[in-house]
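Residue numbers (the working numbering), protein chains in the order written: chain H, 1 to 187; chain S, 1001 to 1187. Step one of this worksheet: look at the structure below.
Protein chains: 2
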Amino acid sequence: MSGNFKVAVLVGSLRKDSVNRKLALAMTEMAPPGLRFQLVDIGQLPFYNEDNDDPALSEWQDFRDTMKKVDAVLFVTPEYNRSVPAVLKNALDVGSRPMGESVWDGKPGAVVTASPGGIGGFGANHHLRQSLVFLNVPTLQQPEMYIGNAYSLFDEQGKLNNDGTRQYLKGFLAKFTDWIEANSQAA
Amino acid sequence: MSGNFKVAVLVGSLRKDSVNRKLALAMTEMAPPGLRFQLVDIGQLPFYNEDNDDPALSEWQDFRDTMKKVDAVLFVTPEYNRSVPAVLKNALDVGSRPMGESVWDGKPGAVVTASPGGIGGFGANHHLRQSLVFLNVPTLQQPEMYIGNAYSLFDEQGKLNNDGTRQYLKGFLAKFTDWIEANSQAA
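This is the structure we're talking about:
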């Protein structure tokens, strides 16, 4: 049954001390046997501009090459001004081009948003989901992951400080594994 | 009555031949007497990262200084993957920081989206509006501006090729002028 799926993890914050990066690392450390997580950097990608896409900028080409080799994608992002941070939106746009060669098409995905406040990045989560509809990324619906008060979940070493959150993330990752198995083009 | 308002025009595409840029220039050329339009470049702004904001990167500071001097803002943007292009979202994010010093707060705005297809950038238009709620930009509601089949409206010199569109944009700019007068902090 269980495949061995490569999963790109894209983090929507560039801050060194980002709570979303901590969350992404925590999930990476507790990856189920069937999933191999790979953090993919997106901060070095220039803004998408079709004028520079024939031939493609090398940063764009490298990113596309990396993404074409993975079986699924996990987005872990904060919310900026009730929407998706530009750095993550740019990765979506770069990966979607040139027309007909999108790296996203048909690749299973999941969205996790985390924020210091109570809303847990709901605005970013659903703006991202709207783009994922267009990009034809079959996206895990439940469990939804809006992680509020996120700073309180990590200790000073950046590790999860409680077992409840750990179990919650484990449950999510199990569902995500099932989702990838059901929807993967590589299965 | 009529004030003399400075209006920043932010274009969400970096392409030289962008139809949204043509549209922005067309509106600039037909600016009503009370408005002075100023195209503000946003393509040079690095992705927002709080780690680089104390002191601020010079590109961010220059942009903030420019935006603090204008009375209103006009967004003219394509849609990328059913949402706002990263370059424009980044400008919103950069201008919104540091906390408590947002350049957007209370500044009247309007949104125009244009696309080659029939939907006219509806997805980008309303994602942008969601951010503008949070940023407290009083945003012109009507007339909504979803400009579909936009390539067909310009000639080979990049000028509007028909009087109907010209009148339509003039009507929009008149309403926008009223909106700025009613909502401007500088009034």
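Don't be surprised by glycine CBs; every beta carbon is placed ideally from N, CA and C.
query: Which residues DSSP lists as bridging A114(H), in chain order; result: I147(H)
query: Backbone secondary structure at Q38(H) - three-state DSSP; result: strand
query: Residues of the region 1033-1048 of chain S with Cβ closer than 7 Å to any Cβ of chain H, in chain order; result: G1043, F1047 and Y1048
query: When D1041(S), I1042(S) and Y1048(S) are compared against Q44(H), the one with the closest alpha-carbon; result: Y1048(S)
query: Neighbour flag for F1122(S) against chain H, beta carbons, 8 Å; result: no
query: Whole-angstrom distance between W104(H) and A96(H), CA atom to CA atom; result: According to the sequence shown, residue 96(H) is Ser rather than Ala. C-alpha separation (whole angstroms): 7 Å.
query: Cut-off 6 Å between Cβ atoms - residues of its own chain near F1122(S), not counting five sequence neighbours on either side; result: Y1146
query: Coarse secondary structure for V1009(S), derived from DSSP in three states; result: strand
query: Cα-Cα separation, E1156(S) to K1170(S); result: 22 Å
query: Selection of the region 1050-1080 of chain S by Cβ proximity to chain H, strictly under 7 Å; result: E1050, D1051 and Y1080
query: As assigned by DSSP and simplified to three states, the class of M1001(S); result: The predicted model places M1001(S) with a pLDDT of 41, which falls under 50 and marks its position as unreliable, so this point remains unresolved.
query: Top-ranked residue by Cα proximity to A26(H), from V73(H), K175(H) and T165(H); result: T165(H)
query: Which listed residue (Y80(H), K6(H) and L132(H)) has its alpha carbon closest to that of P32(H); result: K6(H)
query: Separation of L74(H) from V112(H), as counted between CA atoms; result: 8 Å
query: Where S1131(S) falls, given that 16 or more other Cβ within 10 Å makes a residue buried; result: buried
query: Cα-Cα separation between P85(H) and L10(H), rounded to whole angstroms; result: 12 Å
query: Euclidean distance between Cα positions of A1187(S) and F1176(S); result: With a pLDDT of 45 at A1187(S), under the threshold of 50, the modelled position of that residue is not reliable, and the figure given next carries that caveat. Answer to the nearest angstrom: the Cα atoms are 14 Å apart.
query: F1172(S) versus K1068(S), N1136(S), S1018(S) and G1109(S), residue with shortest Cα-Cα distance; result: G1109(S)
query: V9(H): CB within 7 Å of a non-hydrogen atom of the ligand SAM; result: Ligands in the displayed structure: none, and consequently the ligand SAM is not present.
query: L74(H) - containing beta strand (DSSP E), residue span; result: A72 to T77
query: M1001(S) versus V1070(S) - alpha carbon distance; result: For M1001(S), the predicted model reports a pLDDT of 41, less than 50, meaning its position is unreliable; a value from the coordinates is still stated below. If I take the Cα positions, the gap works out to 19 Å.
query: Contact with chain H by R1021(S), beta-carbon distance below 8 Å; result: no
query: For S96(H), three-class secondary structure by DSSP; result: coil
query: For T1077(S) and S1152(S), believed in contact at Cβ under 8 Å, the rounded distance; result: The pair is not a contact, with the Cβ atoms about 19 Å apart (cut-off 8 Å).
query: A182(H): first and last residue of the uninterrupted alpha helix (DSSP H) it sits in; result: D163 to N183
query: One or two residues paired with D53(H) in a DSSP bridge; result: A56(H)
query: CB contact flag (N1136(S), G1100(S), <8 Å); result: no
query: S1083(S) (DSSP reduced to helix, strand or coil); result: strand
query: Per-residue DSSP class, three states only, for F122(H); result: helix
query: Reference G117(H), options T139(H), V133(H), V87(H) and A150(H), closest by Cα; result: A150(H)
query: Three-state class that DSSP yields for L1023(S) in the structure shown; result: helix
query: For T139(H), the residue or residues it bridges with in DSSP; result: G109(H)
query: F154(H) - DSSP class collapsed to helix/strand/coil; result: strand
query: Reduced DSSP category for Q1128(S) - H, G, I as helix; E, B as strand; rest coil; result: Going by the sequence as given, residue 1128(S) is Leu instead of Gln. In the structure shown, L1128(S) sits in a helix (DSSP, three-state: H, G or I).
query: Through-space distance from H1127(S) to F134(H), alpha-carbon basis; result: 14 Å
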